[in-house]
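Enquirer: For reference, the structure I am asking about is given below.
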Amino acid sequence: MDEPQYLETPQGRRIAYHHSDGSGPGVVFLGGFKSDMEGTKAIYLEEWARRRGRAFLRMDYSGHGQSSGAFEEGCIGDWAADAMAAIGALTNGPQVLVGSSMGGWIALLLARAMPGRVAGMVGIAAAPDFTEDGMWASFDAAQREEITAKGRLELPSEYSDEPYVITRRLIEDGRKQLVLRAPLDLRFPVRLLQGTEDEDVSREVALRLLDHAESPDIQLTLVKGADHRFSTPECLEEVERAIEAVTMRAGSGA
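Here it is, written out as structure tokens:
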């Protein structure tokens, strides 16, 4: 496995990344909550981009993977700033953002903050506003009291032996980053992919995003039987097709 390169952000965080040169628009993979850039989707898409001669960037947010910082110290705003710094420093021209789970929320924040650098978006089980609508909304009174009083709450994880530590800062910052409460103008082609057996992000979230966003070309594909990982060969082919469609539409100016 190649060693990553590192980028120092304006906030002083050290971000690990892999970047492949190629034609544009480049593709940027934005991972999920507590995931890293060595996951199946990121590696598959990097190999796909190299075969196509297309520029590609994958990265670890601060507190994730090989980047600096502790996960528990981070929040949505920090991770969006990390991605913005990486795109600004490491890529040229408009990019196709491929956001998985939380990465879908990050992609929407980037589209709002730097619309001129976004050529299109592919959301894979995109999870906008999940800290508020998924986490906080599901906490019972005791859990809300604990996170408010102690500043943290431990939750079991299906993906790790280590618990998810949810901090008060994550919840409070998440409320400043919400994208489904105000107009969401996406001036580029968008493809949303959602598995029907996803137990972490429901199809209702995908439908809400589809209904809420304004875009000249936005489509949602439901994949029967697919789960939240969306990493089977069939699912990866769906992601590939979605990126190709977005790239083609972006190139045509549609």
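Start counting at 1 in the sequence shown, then tack on 843, and there's your number in the working numbering. The beta carbon of each residue, even a glycine, is placed where N, CA and C say it ideally should be.
Which residue spans inside the stretch 847 to 883 form an unbroken alpha helix (DSSP H) run of at least 4?
Expert: DSSP runs (the alpha helix (DSSP H)) wholly in the stretch 847 to 883: none.
Enquirer: Considering only C-alpha positions, which residue in the set Thr991, Val1022, Asp925, Tyr887 is nearest to tryptophan 948?
Expert: Of the candidates Thr991, Val1022, Asp925, Tyr887, the one whose C-alpha sits nearest the C-alpha of tryptophan 948 is Val1022.
Enquirer: Cβ atoms of isoleucine 858 and alanine 929: under 7 Å apart, would you say?
Expert: A contact, by the Cβ cut-off of 7 Å.
Enquirer: In this structure, what does DSSP give as the bridge partners for arginine 897?
Expert: For arginine 897, which the question treats as bridged, DSSP gives the partners Ser866.
Enquirer: Please state the DSSP three-state secondary structure of glutamate 1081.
Expert: Reduced to three states, the DSSP call for glutamate 1081 is helix.
Enquirer: Which same chain residues end up closer than 6 Å to glutamine 1062 when comparing Cβ atoms and leaving out the 5 residues on each side of it in sequence?
Expert: Closer than 6 Å at the Cβ level, and outside the excluded window around glutamine 1062, lie Arg1034.
Enquirer: Kindly indicate which three-state DSSP category leucine 1063 falls into: helix, strand or coil?
Expert: In the structure shown, leucine 1063 sits in a strand (DSSP, three-state: E or B).
Enquirer: With a CB to CB cut of under 8 Å and the five nearest residues on each side skipped, what residues in its chain are close to leucine 1065?
Expert: Same-chain partners within the cutoff: Gln1037, Gly1038, Thr1039, Arg1046, Ala1049.
Enquirer: I'd like the span of the alpha helix (DSSP H) that includes leucine 1021, first residue to last.
Expert: Neither: leucine 1021 is in no alpha helix (DSSP H) and is coded neither H nor E.
Enquirer: Please state whether DSSP places arginine 1092 in a helix, a strand or coil.
Expert: Note: arginine 1092 maps to helix in three-state DSSP.
Enquirer: How many whole angstroms separate the CB atoms of alanine 992 and histidine 1071, which I take to be in contact at a CB cut-off of 8 Å?
Expert: The pair is not a contact, with the Cβ atoms about 31 Å apart (cut-off 8 Å).
Enquirer: So arginine 897 and valine 870 are in contact, right, with Cβ under 8 Å, and what is the actual spacing, rounded?
Expert: Right, their Cβ atoms sit about 6 Å apart.
Enquirer: What are the partner residues of leucine 951, as DSSP defines its beta bridges?
Expert: According to DSSP, which records beta bridges pairwise, leucine 951 is partnered with nothing at all.
Enquirer: Are the beta-carbon atoms belonging to alanine 962 and alanine 1093 less than 7 Å from one another?
Expert: Cβ distance < 7 Å, so alanine 962 and alanine 1093 count as in contact.
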